[in-house]
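S.K.:
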Amino acid sequence: MFALRGIAVSLTFFVLLYCCLSALVVVSWRWLRWLHAAEQSVADLLFLLRVLPLLAAVVLTFAFVVPSFQLLEPRSADEGMGTLALPLGAAALLLIALGSWRVITAQARTARMVARWLEGSSPLETGAETATLRSRPEAPPLMLVGMGTPRVIVSDSTVELLSRDELNIALKHEHAHVRSWDNFKKLGFRFSPFPGMGSLEAAWSQAAELAADDAAVSNANDAVDLAAALVKLSRLIPVETPVDAAPACTVGFVTGSISVRVARLLAWDETKRSRQLRIPHWLAIPPVVAAVFCAFVTYGPVLAVTHEMTEWLVR
Amino acid sequence: MTKSFSIFRSNSTPQLGPFEQQLLRDLWARGSATVRELLADGTIHQAYTTVMTTVDRLYKKGLLDRVAEGRAFRYTPRMSHEELQRGAALDGIRQWLGSGDTSSLPLSYLVEALSAHDAQLLDELQLLIERKRRQLKAGERNGRPPKTEEC
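For the protein sequence lines, the chains are A and W, in the order given. Under my numbering, think of the first position of the first sequence as 239, with each following residue one higher. Under my numbering, think of the first position of the second sequence as 725, with each following residue one higher.
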């Protein structure tokens, strides 16, 4: 009974924290549009915001709720579960089950579709680290699939339609997605569903595309080649089959607002690009260290407060 | 904006007359204003009472907020230009989708229109790319980088 109560309390705390933080992110993430930084930094921040509720809820639950219950709760079997803990604990289990289901179905669907696209495929020599496979004409024009062993699928139609330079720069764009782990990030989104997060995910997707464009392009000719590839491959995708219908564990080349991407590429300016604000990843270290230090210094009192809160939950 | 107001008529997005639209534009530009302030810069050639009645009508339509300021009211738009346009567009699309005898018919028109619009947009983008390519080639021939053009 003690263990069961501990699990129910931890799950209750987790789901409450997850929902509150997610709601906060849903209403506040648009403030980021005022940030004028390099697209990679914008994409990183949007991703961080998207996964923050899940990460924070897991970390805080395991760092404070579980130990506070273990250390401060008397091991008496008389205490009941409480009216709030049981339904909220069940809701947390449902949330975890839903997230897992979404991940499993997304992976299964991706595996099924990729297997179909790869029937009769042959390797395409590109000199890149990521394997590139030439696939049947009805496959998507250009797409990154797989996480453990990422592969880029290029359809026959794409190889025939694009010039050598256009194909090379389009492949560089997909390889930039591999380096950013964008496939893996998309799967993370599926594990943590919350109403209203769709617009944040769409904004991240657009920023990730622009960041991959930036990473692929190194001069004005590259930019024009990439824009040309984008327009040519857009014609291969009918409106009736939107690119968003692609499996969740893939990153398609023709994604996001095509006109915005093309306009941006045609206005490509190396000096402007180099002046853009880039937020280095090490900037995250000081706040994390400060938070760990604060938690270390105030651990005892915080555990006591957490325990009081959990007592209130099971009352 | 005029187009969206005249095309889309629904309960949730009110239809606006030309003078109401003008006052709303002035209020968006200023952020907030009293009737006297709206009349002060001389762009509105209407009587004080006409302006007062019109902003009162906009307030009753739910498009403005107001707070008392002395013996007058200070009016503030409740939504931005973009929000109002988005609301009008969504209302219009909803109304249009619900208008057909066969529910799938308007959707098929929409797909057809989008395909045509998509193809036209891609043609335009293709032209821009070709122009940029010619500029780059000309720049290379002349030995100087081409001027970057904002699209």
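For every residue, glycine included, the Cβ atom is placed at its ideal position computed from N, Cα and C.
Evaluate contact between the stretch 336-345 of chain A and the stretch 363-375 of chain A, counting only Cβ atoms and requiring at least three cross-stretch pairs below 8 Å.
M.R.: no
S.K.: Quick check: is the beta carbon of W:T872 nearer than 7 Å to any beta carbon in chain A?
M.R.: Per-residue confidence for W:T872 stands at a pLDDT of 49, beneath the threshold of 50, marking its modelled position as unreliable; no derived number is given.
S.K.: State the beta-bridge partners of A:P379 as determined by DSSP.
M.R.: Paired residues: none, contrary to the question.
S.K.: Look up A:V526 in the DSSP assignment and give the residues it is bridged to.
M.R.: Answer is none; A:V526 lacks a bridge partner.
S.K.: Between A:L254 and chain W, is the shortest Cβ-Cβ distance under 7 Å, so that the two count as touching?
M.R.: Interface annotation, A:L254: not in contact with chain W, CB-CB separation never under 7 Å.
S.K.: What does DSSP give as the partner residue(s) for W:D789 in the beta ladder?
M.R.: W:T800
S.K.: Looking at A:A247: is its Cβ nearer than 7 Å to the Cβ of A:V527?
M.R.: Checking the displayed sequence, the identity of residue 247 of chain A turns out to be Val instead of Ala. It is not a contact, given that the beta carbons lie outside the stated cut-off.
S.K.: How would you label A:F300, buried or exposed, when you count the other beta carbons within 10 angstroms and need 16 or more for buried?
M.R.: exposed
S.K.: Since A:I391 is in the beta strand (DSSP E), which residue starts that stretch and which ends it?
M.R.: R389 to S393
S.K.: Classify A:M435 as buried or exposed, calling it buried when 16 or more other Cβ atoms lie within 10 Å of its own Cβ.
M.R.: A:M435 comes out buried.
S.K.: Just the chain W side, please: which residues come within less than 8 Å of A:V500 by C-beta, in chain order?
M.R.: L849, L852, I853 and C875
S.K.: Which partner residues of A:A369 appear in the DSSP bridge assignment?
M.R.: A:R389
S.K.: Under the DSSP definition of a beta bridge, which residues are partnered with A:P312?
M.R.: Looking at the DSSP assignment, A:P312 forms no beta bridge with any residue, so it has no partner.
S.K.: Please report whether the beta-carbon of W:K784 lies at a distance below 7 Å from any beta-carbon of chain A.
M.R.: Among the CB atoms of chain A, none fall inside 7 Å of the CB of W:K784.
S.K.: In chain order, what residues of the same chain lie with their CB nearer than 6 Å to the CB of A:W267, ignoring the 5 residues before and after it?
M.R.: L287 and L438
S.K.: Are the C-beta of W:G867 and some C-beta of chain A separated by less than 7 Å?
M.R.: Closer than 7 Å: no.
S.K.: Rounding to the nearest angstrom, what Cα-Cα distance links W:T758 and W:E807 in this structure?
M.R.: 23 Å
S.K.: Counting only beta-carbon separations shorter than 7 Å, does W:R802 have a partner in chain A?
M.R.: no
S.K.: Hey, out of W:L787, W:R855 and W:A796, whose CA is closest to W:G694's CA?
M.R.: Nothing can be reported for residue 694 of chain W, as the shown portion of chain W is limited to 725 through 875.
S.K.: Do A:R292 and A:S430 have their C-beta atoms within less than 7 Å of each other?
M.R.: The residue you asked about is not Arg; residue 292 of chain A is Leu in the sequence shown. In contact: A:L292 and A:S430 (Cβ atoms closer than 7 Å).
S.K.: Please report how far the alpha carbon of A:H411 lies from the alpha carbon of A:I517, in whole angstroms.
M.R.: Rounded to whole angstroms, A:H411 to A:I517 spans 21 Å at the Cα level.
S.K.: Return the chain-ordered list of same chain residues with a C-beta closer than 7 Å to the C-beta of A:A329, the five sequence neighbours on each side being excluded.
M.R.: V253
S.K.: Cβ of A:S401 within 7 Å of Cβ of A:P379?
M.R.: no
S.K.: Would DSSP call A:P433 helix, strand or coil?
M.R.: If DSSP states are grouped into helix, strand and coil, A:P433 belongs with coil.
S.K.: How many angstroms separate the CA atom of W:L748 from the CA atom of A:L333?
M.R.: 45 Å
S.K.: Measure the C-alpha to C-alpha separation of W:G794 and W:S804 and round it to an integer number of angstroms.
M.R.: W:G794 and W:S804 have their C-alpha atoms spaced approximately 26 Å apart.
S.K.: Are at least three pairs of beta-carbons, each pair with one atom in the stretch 383-393 of chain A and one in the stretch 405-420 of chain A, less than 8 Å apart?
M.R.: yes
S.K.: Under the three-state reduction of DSSP, which class applies to A:S497: helix, strand or coil?
M.R.: helix
S.K.: Going by the beta-carbon positions, is the gap between A:A445 and A:A275 smaller than 7 Å?
M.R.: The Cβ atoms of A:A445 and A:A275 do not sit closer than 7 Å to each other.
S.K.: Mark A:A323 as exposed unless 16 or more other C-beta atoms lie within 10 angstroms of its C-beta, in which case mark it buried.
M.R.: In the assembly as shown, A:A323 is a buried residue. Its beta-carbon has 16 or more other beta-carbons within 10 Å.
S.K.: With distances taken Cα to Cα, identify the nearest neighbour of A:L298 among A:E546, A:W550 and A:A533.
M.R.: A:A533
S.K.: Ignoring anything shorter than 4 residues, give me the alpha helix (DSSP H) runs that lie fully in the stretch 404-451 of chain A, in order along the chain.
M.R.: 420-429
S.K.: Within 10 angstroms of the Cβ of A:L515, are there 16 or more other Cβ atoms? Answer buried if so, exposed if not.
M.R.: exposed
S.K.: Taking the alpha helix (DSSP H) that A:L251 belongs to, which residues open and close that run?
M.R.: Note that residue 251 of chain A corresponds to Phe in the displayed sequence, not to Leu. Looking at the DSSP string, the run of the alpha helix (DSSP H) that includes A:F251 is F240 to S266.
S.K.: For A:L504, collect the residues of the same chain with a Cβ closer than 8 Å to its Cβ; drop the 5 residues on either side in sequence, then sort them by chain order.
M.R.: A461, V462 and A465
S.K.: Does any C-beta atom of chain W lie closer than 7 Å to the C-beta of A:S472?
M.R.: yes
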